[in-house]
Ligand SMILES: Cc1cc2nc3c(=O)[nH]c(=O)nc-3n(C[C@H](O)[C@H](O)[C@H](O)COP(=O)(O)OP(=O)(O)OC[C@H]3O[C@@H](n4cnc5c(N)ncnc54)[C@H](O)[C@@H]3O)c2cc1C
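In the numbering used here, the protein residues as written are 2 to 512.
This is how it looks when you write it as structure tokens:
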């Protein structure tokens, strides 16, 4: 059922069993999990079914620290959320990503990969991917053209990816709108969360539209699914009953913001041409591809972060501008167009010249960021049109990121040499081993926002517990990558959908 909140009488009361705030990948996945149950689910979406600049403006914010994209265009504010233009690259976290590693401060999850496996399987279906199987051998059986570099498997392995074409707004609109027990309210922006006076139970959420109308939503369980930056902003802005904001007694909400660092790091010059289909991705065509990754043993021995390496023909890569240079506009549609044009122009230019396409590749790193309390989302005095304080992002890295990237290529270089596959040439910025700070112009973020309400058993170390419930509040849950304590190397959506389905399952058992 769909209701446009702009058409409700002012001061309406909306009541249900469960209230999900935000209809993006996380929120819609949870709503789908409650289809045809006897429970009334309220799904609040701040935007409509299409892009609306007035709603998108609510995302405007400030950035400091490591250079970042404009906050306004770093996500999408309408039904379907940021999947409206995501890339669809999916792969699960590795077993090591859940472990505490002594060389990565604040690393590790209080759950392990097996706890998520059944939900990863479901998430694969929600994202319309192939089977929940990310083993190279499985894909190689079905796609024999995928040939791996003959490297030492104890050092380097092939991490598989699948590609989703799911744009949640389009894919699930009909199902959600036609569902009898799901009540989707569009143009219903949550602006405040009200609790009992002892802060232990959420009683209601206040929503507003752009025309000054205000409504109250009452439910038994509330799930905040507005995206990593926005979830932290909502908790910090809910400060009328407690000045620090909800769930923030230990000053943890907004801290440990993590992104994936995407860095052009080196060149690979092959000894002789090699069929690199396994390492190539053609959007809409490729079912699965691989990136080079380092085994758990190597990560432990070298004390490095988890990251992967992808290949791009050098003849194309040399024409591509860093994403930070093309994604500059506050309008996400325009920024996307500029970035895609840059990519297409590079491919055209490369086709026109006789390049070294079969011999030389640019090597791109995607690497996790070490959890860092100073990398942080906070709120500022300035408010948006609906009266909510705007977000400020201070993105901050440590020296472990650059150190790890350099070591990854030194190890890959040795391997490529030993097996006579080719030679690696490090990019200039990695060569000075005494310098481990990453300059702005070498690092792009992947628009992967994670970590601002991290999971921990201990309320002094995390905002949510193992079930994504906010510590100290019996009926407030956070859905999405905000709950990741450590981000791992893969893009986050498959994992955040799995985690959201796990949280949904937990509430089902409670209710
Ligand atoms: C260009 C780009 C490419 C990407 N590529 C990939 C990729 O290849 N693979 C991958 O895994 N990830 C990718 N991502 C990231 C991916 O899009 C996000 O991880 C994912 O969409 C996050 O899901 P979410 O539901 O947590 O947040 P979102 O999808 O952002 O959804 C949040 C929802 O909450 C709503 N909302 C916000 N505030 C309020 C409020 N106050 N009240 C009511 N509703 C509200 C929003 O309108 C939105 O619908 C990409 C992102 C971008 C920008």
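A virtual CB, placed ideally from N, CA and C, is assigned to each residue, including glycine.
Judged by DSSP in its simplified three-state form, residue 363 adopts strand. Inside the region 243-268, DSSP marks no whole alpha helix (DSSP H) run of 4 or more residues. Bounds of any alpha helix (DSSP H) do not take in residue 294; it lies within the beta strand (DSSP E) bounded by 289-295.
Excluding five sequence positions before and after residue 170, the CB atoms of its chain that fall closer than 6 Å to its own CB belong to 80, 81, 85, given in chain order. DSSP, read as helix, strand or coil, puts residue 480 in coil. Set against 7 Å, the gap from the CB of residue 493 to the closest heavy atom of ligand 1 is smaller.
In this structure, DSSP gives residue 345 a helical state, which the three-state scheme calls helix.
Each residue's CA atom was taken as its position, placing residue 102 and residue 337 some 37 Å apart.
In this structure, the C-beta of residue 84 approaches ligand 1 to less than 7 Å from one of its heavy atoms. In this structure, the beta-carbon distance from residue 164 to residue 287 falls below 8 Å. Residue 398 places its beta carbon less than 8 Å from that of residue 439.
Only exposed fits residue 143, as fewer than 16 other CB atoms lie within 10 angstroms of its CB.
For the pair residue 254 and residue 18, the Cα-to-Cα distance works out to about 26 Å. Cβ neighbours of residue 28 within its own chain (closer than 6 Å, five residues either side excluded): 21, 226. Between residue 61 and residue 73, the gap from beta carbon to beta carbon is short of 8 Å. Taking a C-beta distance under 8 Å as the contact criterion, residue 248 and residue 389 do not qualify as a contact pair. In this chain, residue 96 is not harboured by any alpha helix (DSSP H), its DSSP state being neither H nor E.
DSSP places residue 21 inside the beta strand (DSSP E), whose first and last residues are 19-22. The residues 105, 368, 369, 371, 401, 402, 405, in chain order, have a CB closer than 7 Å to that of residue 306 in the same chain once the five nearest residues on each side in sequence are set aside.
Under the DSSP assignment, residue 498 falls in the alpha helix (DSSP H) whose first and last residues are 494-511.
Between the C-alpha atoms of residue 279 and residue 331 there is a straight-line separation of about 36 Å. When C-beta atoms of the region 202-212 are compared with those of the region 445-462, fewer than three pairs fall below 8 Å, so the two segments do not count as touching. If one requires a minimum length of 4 residues, the alpha helix (DSSP H) runs lying completely within the region 28-77 are 54-57, in chain order. Approximately 26 Å separates the beta-carbon atoms of residue 291 and residue 430; this is outside 8 Å, ruling out the contact. The region 189-200 makes no contact with the region 105-123: fewer than 3 CB pairs, one atom from each, lie closer than 8 Å.
Contact between the region 182-194 and the region 42-50 is present: 3 or more CB-CB pairs across the two stretches fall below 8 Å. Looking only at 322, 298, 238, the smallest Cα-Cα distance to residue 442 is reached by 322. Of the residues assessed, residue 446 falls on the buried side of the cut-off, its CB having 16 or more other CB atoms within 10 angstroms. Apart from sequence neighbours up to five positions away, the residues of its chain that approach residue 392 with a beta-carbon distance below 7 Å are 62, 72, 230, 234, 378, 380, ordered along the chain. Not one heavy atom of ligand 1 lies closer than 7 Å to the C-beta of residue 50. In this structure, residue 338 has its beta carbon at no less than 7 Å from each heavy atom of ligand 1. For residue 268, the closest alpha carbon among the candidates 426, 7, 211, 456 is that of 426.
The three-state reading of DSSP puts residue 307 in coil, since its state is none of H, G, I, E or B.
Bridge pairing for residue 162: 290 [DSSP]. Residue 140: member of the alpha helix (DSSP H) spanning 137-143, first to last residue. Around the C-beta of residue 275, 16 or more other C-beta atoms lie within 10 Å, and the residue is accordingly described as buried.
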